[in-house]
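J.:
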Amino acid sequence: MKNRIASGAPARAVLPGLAALAALGLLAGCGSDKSADSSADAPASASASGHGSDKPTFNPCEGLDIKPVEKALGAELRIERGTSAAPRCALLPKKSGGTAYELNYLPFKGTLAEAWKTMDVKSGDVSRPEVAGADDARLVKQQGVSSYAVTAFVQNGPLIQSFNSVDLEPYDGDAIDRAALALLKALSANAP
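Going by mature numbering (1 follows the signal peptide of the UniProt record, and there is no 0), the letters in the sequence shown line up with residues -28 to -1, 1 to 164, in that order.
(1) From the DSSP output, which residues share a beta bridge with D37?
(2) At the level of alpha carbons, what is the spacing between A147 and Q127?
(3) Are the segment 27 to 44 and the segment 146 to 164 touching by the rule of at least three beta carbon pairs closer than 8 Å?
(4) The beta strand (DSSP E) with K113 in it runs from where to where?
(5) Grouping DSSP H, G and I as helix and E and B as strand, with all else coil, what is G145?
(6) Three or more C-beta pairs under 8 Å: does that hold for the segment 132 to 140 against the segment 67 to 77?
(7) Buried or exposed for K113, going by 16 or more other Cβ atoms inside 10 Å?
(8) Any idea what DSSP makes of N31, helix, strand or coil?
Okay, here's the thing in structure tokens:
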């Protein structure tokens, strides 16, 4: 059975909440000397500018197998990696109007559970899916008036990867949920 909702408010009503959730999750790692890697943004800055570390910037899209995500979603996606000066990791629908994913990561010395306690999650359906190879994971589903959004986090050692996804009506919420779980598994399997 497909999850559907009636038309009404635009997706803009859902997106700020998801963006805030993801930002809080990422900022949670930056707020404490005890748990955060204070150089969390240094590798990206150093690699993008050509100074500092010779090690390339980690990009969750590099080596990511999206076939299971596409199969679960029932739609083809394309990977957008950005440029060396402006790295990005996004999974975008090949066909206009489909589900889009924006991926990110944060080196974090604490646990996802510790980071989660600092987040103010007031809406959405939160679950803790079991993900092979991962230390922990969270999935937040939010059904809006005319959109369906998922924010997810997966931790492998000192790396927390996250993504936001959104699709506008008409959408298949069950397929989006299956694809979110497939993406969490793929991110965990691809973690360094």
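Backbone N, C-alpha and C fix where the C-beta goes; we use that ideal spot for every residue, glycine too. All values derive from a computational prediction rather than experimental measurement.
T.: Let me lay it out:
(1) D37 is bridged by DSSP to nothing; it lacks a bridge partner.
(2) Distance from the CA of A147 to the CA of Q127, rounded to the nearest whole angstrom, comes to 23 Å.
(3) yes
(4) D108 to Q115
(5) helix
(6) yes
(7) buried
(8) Here N31 sits in coil by DSSP.
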